[in-house]
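In our numbering, the protein residues as written are 852 to 1482. Following: one structure in structure tokens, then a few remarks.
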């Protein structure tokens, strides 16, 4: 099946576009391979290009942006099932065979539309054909076996987890065969057992020893084995498990599909004069075949679910960006999230530390439990202790009733401690004990309370410096810093600014019901050259202001905050409009004149200009005057 794009919504909904060795152009211009008559689509919007064994989407500086799985992208490899949004059209990417062969269509089945005629026909459910009354006495055993296989097949293919499949399979085997014990071994890719399930006729599920010799033999030969009077068998009788348990008879078969070995199925009897016959081996082999397909399907479903959760942890955390630093952060989140390890997140204010914490929570096994966040910098020591651990009635003045603390609320979930560097030194010791013991007492209480909490902390302070100054406990630091992540400031990932700006513009536009198609080249240049000291938070505010105050479908430079416009263009970047160039030059002359009159004193120059000194300092930096003034 060739790789292709399927239009799910939009003017071409229902259309399919095969992908081959040549790039596929998408846009509003009729010359494109996919012609979208949509005003929100640029004339030349994006390209779908072959890349190694797959395909890659590349945005062509479109005004509205190209989105994959809801996130704006410039270039990105496409994975099977990805949702590609271009304007009002949503495409689904399906990956088939070799991209070089994708342009040639291949018919899956040949159909004959001619009339069908038959002398006699019967219509009945399959169970009718398995009715013993329809067969002679010689066929009764075959009929019973077929009925058993049908029952087993129907039961197994309705299950959705390996554990459920194993338990039901072993139950059905013990109902069908004269076995006393049964076990299923699940193998890893190297052929070694990773887990096992067992069941006997008394309902016990305790694992029992299985001959390694036997399992290796059936896996190597990929064939089933029937052995009676096992103690007399020269090879199998030497196995320790066989000699200790006095096994009388056994059946074993590999579970395999075309991809490889999945596991092994084993049953035995311990009662003397009880054994298996050849027809039991035939039935057991057939059951193993059904179980192999069912197990492969279940493992595939479990892998897909795990992959979905892993991708959610990466894609669903609003950490938009394709810079190398952000790609690495995404990979770390995907690896760290499934664990319970304590994580310390560093980075300047506004870089998205809480978003990372929420992503770690969503990607963990605690995702259905509470995510509780507390800002440690906003409360006094007493109030912060009460917020963390709770208090009993009368514990302090104003404690009129019992209060449950954040640690207790987050039980079996995740506790996010923001601005951990601001915790008072006296409280740090109590926090350390709670982290180490997962146990604490409420203020005014005497009963210890145990909790199961994953802790994620964040800070914009330099904790190494705080350790040297003695304002942060060293033991607490090492308890928190099991795994550390440092988020880069926006000025160090400028290539992500257009993606973030498009994302925020789309969010605000949808919220306000006002369509925003994107940014003019001049407005985008302003965003790129500004250093964003407030990081992503400042960018989001600037874009929201532009969407609210702007009037056209495209955001113009004059819609952006004044501070963004004041920054001097960097070499090689698109210049500001003549209006803003002229305005900035006038500001430069006024500032330089005022500083000259004030004898180089910035504070006095600010008084002359009627500005706050801090604002004047920012203007000096933004307009590139620092070297001229200090020189």
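Beta carbons: idealized from backbone N, C-alpha and C, even for Gly.
Residue 1267 - partner residues in DSSP beta bridges: 1224, 1307.
Touch test, the segment 1340–1360 against the segment 1298–1314, Cβ-Cβ under 8 Å, three pairs minimum: no
Length of the line joining the Cα atoms of residue 1098 and residue 1131: 17 Å
Three-state secondary structure (DSSP) of residue 1244: coil
Boundaries of the alpha helix (DSSP H) in which residue 1478 is found, first to last residue: 1477–1481
Straight-line gap, residue 1368 to residue 1264 (C-alpha atoms, nearest Å): 40 Å
Closest by C-alpha distance to residue 1484, when choosing among 1010, 1152, 1467: The chain is shown only over 852 to 1482; residue 1484 falls outside these bounds and no answer can be derived.
Nearest-angstrom Cα separation, counted from residue 1138 out to residue 1289: Spanning the two alpha carbons is a distance of roughly 48 Å.
Beta-carbon gap between residue 872 and residue 883 smaller than 9 Å: no
Simplified DSSP assignment, three categories, for residue 1354: helix
Complete alpha helix (DSSP H) runs within the segment 1352–1410 (minimum length 4 residues, chain order): Segments of the alpha helix (DSSP H) lying fully in the segment 1352–1410: 1372–1380, 1386–1400.
Residue 1167, DSSP secondary structure in three states: Confidence at residue 1167 is low in this model, with a pLDDT of 44, below 50, so its placement is unreliable and the value that follows should be read with caution. Here residue 1167 sits in coil by DSSP.
Any beta strand (DSSP E) of 3 or more consecutive residues that is wholly inside the segment 858–887: 867–869, 875–878
Those residues which DSSP pairs with residue 924 across a bridge: 917
First through last residue of the alpha helix (DSSP H) which encompasses residue 1069: 1063–1072
Cβ pair count under 8 Å reaching 3, the segment 1218–1231 against the segment 1333–1343: no
Distance between residue 1127 and residue 1134 (C-alpha atoms, nearest Å): 11 Å
CB-CB length for residue 1410 against residue 1391, believed under 8 Å: With a Cβ gap of about 15 Å, residue 1410 and residue 1391 do not count as contacting.
Three or more C-beta pairs below 8 Å linking the segment 1010–1025 and the segment 1141–1157: yes
Simplified DSSP assignment, three categories, for residue 1285: helix
Bridge-paired residues (DSSP) for residue 1079: 1100
Beta-bridge pairing of residue 1329 - partner residues as DSSP gives them: In DSSP, residue 1329 forms no bridge with anything.
Inter-stretch contact (C-beta, 8 Å, three-pair minimum) for the segment 1169–1185 and the segment 1202–1215: yes
Rounded separation between residue 942 and residue 861 - CA only: 9 Å
Outcome for residue 1255 when other beta-carbon atoms lying within 10 angstroms are tallied against a minimum of 16: The C-beta of residue 1255 has fewer than 16 other C-beta atoms within 10 Å across all chains shown, which makes the residue exposed.
Own chain residues within Cβ distance below 6 Å of residue 1086, not counting five before or after: The pLDDT assigned to residue 1086 is 48, lower than 50, so where the model puts this residue is not dependable; a value taken from the coordinates is nonetheless given after this. Taken in chain order, the list of residues that qualify is empty.
Where the beta strand (DSSP E) containing residue 1051 begins and where it ends: 1044–1051
Three-state class that DSSP yields for residue 893 in the structure shown: coil
Buried/exposed call for residue 1247, threshold 16 Cβ in 10 Å: exposed
Cβ neighbours of residue 1238 in the same chain (closer than 8 Å, five flanking residues each side left out): 1225, 1230, 1256, 1257
Residue(s) in a DSSP beta bridge with residue 1302: For residue 1302, which the question treats as bridged, DSSP gives no partner whatsoever.
Nonlocal neighbours in the same chain, by C-beta distance under 7 Å from residue 1174, ignoring five residues either side: Taken in chain order, the residues that qualify are 1344, 1346, 1347.
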